[in-house]
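Notes to accompany the following structure.
Residue numbers (the working numbering), protein chains in the order written: chain A, 20 to 335; chain B, 20 to 335.
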């Protein structure tokens with residue numbers, strides 16, 4: 020496989036710099052004491068629309084031709100990528116259609132509508148949403164942007180770890196949560212080009228351990244179940260990001276639902292920042308696998324902060 | 020009255036610099052769009068133990084003689100000042116006794132115990148806790164530190180606005196929540212000496228509007244009721260901080276309970292930071308009184324982040 024070049028990553032970061040925030044890196048002396056590691060949290064919960072997805076969406080937009088921009092874009096997502104595409108489209112003055120499952124939470128639908136995107140509802144199965152997307156492509160000539168299995172999205176996402184590496188030199192390990200693989204692949208590319216001595220590990224809910232099994236088997240595995248509180252991490256890897264991950268990511272750390280919930284509350288209550296359950300997966304991994312991290316400088320990608328606080332407070 | 024000197028404020032800031040964090044200033048483009056003002060949030064929710072109280076407590080400790088340190092300190096508080104004294108005492112290796120009402124929330128009691136302070140429970144009335152404090156002073160020779168009506172505490176608190184003024188020059192107004200008056204007096208002194216063109220306003224729950232009435236009548240007023248969600252703001256002004264506030268604070272903005280809750284949720288969900296209800300009072304004031312703030316550069320002291328997220332999520 021051919022990895023993207025260092026210049027590709029630098030270009031991506033430059034092209035989106037006017038559309039995204041450079042997010043802060045936070046530390047917690049209590050977390051450092053607890054784990055024996057020096058932990059740096061790259062806080063994409065403070066990113067525009069509340070998640071790193073804005074980076075990939077912005078970069079995908081920046082690569083569209085004028086003709087493509089004139090016709091607009093379409094994606095399928097019930098989560099953060101829907102909001103990212105909707106916001107990027109609003110900034111660029113471009114039409115966007117988001118295909119969402121008809122059982123999506125009302126709060127997510129409202130957020131996408133709030134950014135001015137058009138929503139088309141589909142049935143709950145993957146095949147339903149794909150049919151809906153194809154209909155939009157065929158009838159309206161819109162360009163499809165995949166939430167994670169798209170090289171331009173991956174390159175945009177790489178800007179997050181580029182910033183982290185620049186601000187915190189000498190990291191031994193960066194841990195990113197893995198769902199569709201777009202953040203993990205971008206993080207791995209950034210470390211490969213800008214800090215080759217930094218290992219990139221993934222964190223994944225044990226209930227949906229497809230990436231863990233994929234790294235073992237060498238092919239893309241899928242999940243039989245989707246019952247994790249980390250709703251952003253239920254998807255599988257794709258044929259564009261998996262080769263990057265397979266080559267550059269050395270380890271996937273699995274955590275339980277209880278560990279995810281406990282880590283999320285710990286960060287809310289002690290660090291006073293709202294992180295979503297998918298982000299808590301990486302924090303939980305640092306706490307659970309601290310034996311492997313003692314004395315190391317460890318970066319964590321806090322992928323987003325779009326948590327439904329009321330619902331989670333009642334549920335967990 | 021004689022105000023503390025500029026040098027007093029500088030000294031206080033210097034003496035506590037090794038015990039407190041320099042907290043970040045955050046902005047929100049959405050909040051700016053909503054209000055028409057340029058708003059800067061000085062985030063003491065990220066302070067050690069989660070509130071600005073660490074500043075005043077640290078400075079009070081720094082002024083104790085060796086003999087006083089050897090005997091230890093005592094205070095009464097069921098809230099953030101209890102934790103601040105407990106943590107400062109731990110850092111200094113000094114004994115601390117906290118008198119807490121026996122009906123204090125278990126989570127607050129645990130937090131104080133976690134820092135290693137001794138707790139003495141008193142009855143629920145102010146006279147009960149004062150008797151308990153006097154007994155400790157008489158029997159053990161400990162030094163009493165008042166949470167808000169103490170000049171060294173006020174000078175320590177002034178370091179917060181000193182940092183804000185240094186980082187964000189040219190503020191037209193700084194708004195601080197007012198309860199016992201220790202934060203407001205410190206903020207007013209900092210603006211007086213370091214940015215005299217900056218007005219200092221207070222924000223207060225309408226349900227406990229004693230500071231509002233005190234500024235009108237020119238004497239310390241008390242509350243008949245204490246039913247506000249902003250549990251840090253139920254107390255009255257004191258004879259040391261009131262003269263400072265009366266001379267230097269030009270306005271008290273009152274907000275309703277609904278406005279406080281709504282502002283708190285807005286900050287949690289949109290800015291992704293946990294603030295406690297007392298801090299939300301100042302945010303609510305900026306939203307409600309935006310007509311007076313349009314086009315201005317406005318600093319808000321986010322006083323703390325020690326919110327009981329689960330309880331507030333169910334209750335509000």
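Even glycine gets a Cβ: it sits at the ideal position worked out from N, Cα and C.
Computed from a predicted structure; not experimentally measured.
Relative to the Cα of residue 296/A, the nearest Cα in the group 200/A, 323/A, 210/A belongs to 323/A. Residue 84/A is classed as exposed because its beta carbon has fewer than 16 other beta carbons within 10 Å across all chains shown. Cβ proximity to chain A below 9 Å picks out 284, 287, 288, 289, 290, 291, 292 from the stretch 275-292 of chain B. What residue 69/A touches in chain B, judged by beta-carbon distance under 8 Å, is 291, going in chain order. Between the alpha carbons of residue 118/A and residue 105/B lies a gap of roughly 54 Å. With 16 or more other Cβ atoms inside 10 Å of its own Cβ, residue 66/B counts as buried.
Put simply, the CB of residue 324/B is near chain A, with a gap under 8 Å to one of its CB atoms.
It is roughly 13 Å from the alpha-carbon of residue 95/A to the alpha-carbon of residue 76/A. If you check the CB distance, residue 260/A and residue 198/A do not come in under 8 Å. The bridge partners DSSP lists for residue 141/A are 120/A. Under the DSSP assignment, residue 211/A falls in the alpha helix (DSSP H) whose first and last residues are 201-213. Note that the C-beta distance between residue 318/A and residue 59/A is below 8 Å. The DSSP assignment places complete beta strand (DSSP E) segments of no fewer than 3 residues inside the stretch 225-293 of chain B at 268-274, in order along the chain.
Nearest in C-alpha terms to residue 72/A, of all of 136/A, 163/A, 325/A, 334/A, is 325/A. For the stretch 97-125 of chain B, there are no residues whose beta carbon sits under 8 Å from a beta carbon of chain A. Assignment of residue 326/A by DSSP, reduced to helix, strand and coil, places it in the coil class. Residue environment: residue 182/A is assigned as buried (16 or more neighbouring CB atoms within 10 Å of its CB, all protein chains considered).
Counting the other Cβ atoms within 10 Å of the Cβ of residue 166/A gives 16 or more, which makes it buried.
Among the CB atoms of chain A, one or more fall inside 8 Å of the CB of residue 332/B.
Among the residues facing chain B, residue 64/A is included, as its CB has a counterpart in that chain under 8 Å away. Taking 4 residues as the minimum length, the alpha helix (DSSP H) runs contained wholly in the stretch 72-100 of chain A are 72-81, 85-90, in order along the chain.
With its beta carbon less than 8 Å from one in chain B, residue 329/A belongs to the interface. By the criterion of at least three beta-carbon pairs nearer than 8 Å, the stretch 106-117 of chain A is not in contact with the stretch 203-222 of chain A. It is roughly 41 Å from the alpha-carbon of residue 156/B to the alpha-carbon of residue 45/A. The continuous beta strand (DSSP E) containing residue 196/A extends over residues 192-196. By the Cβ neighbour-count rule, residue 245/A is exposed, with fewer than 16 other Cβ atoms within 10 Å of its own.
Under the three-state reduction of DSSP output, residue 54/A falls in the helix class. Of all C-beta pairs linking the stretch 235-254 of chain B to the stretch 176-190 of chain B, fewer than three are shorter than 8 Å, placing the two stretches out of contact.
If you draw a straight line from the Cα of residue 159/A to the Cα of residue 87/A, it is about 11 Å long. Contact annotation: residue 267/A and residue 230/A have beta-carbon atoms that are not nearer than 8 Å.
The straight-line gap separating the alpha-carbon atoms of residue 193/A and residue 33/A is approximately 22 Å.
Around the C-beta of residue 171/B, 16 or more other C-beta atoms lie within 10 Å, and the residue is accordingly described as buried. The stretch 286-295 of chain A makes contact with the stretch 286-296 of chain B, as at least three CB pairs between them are under 8 Å.
Here residue 115/B is bridged, per DSSP, to 92/B. Distance between residue 51/A and residue 57/A, taken at the CA atoms: about 5 Å.
If you look at residue 317/B, you'll find it in the beta strand (DSSP E) that goes 316-321.
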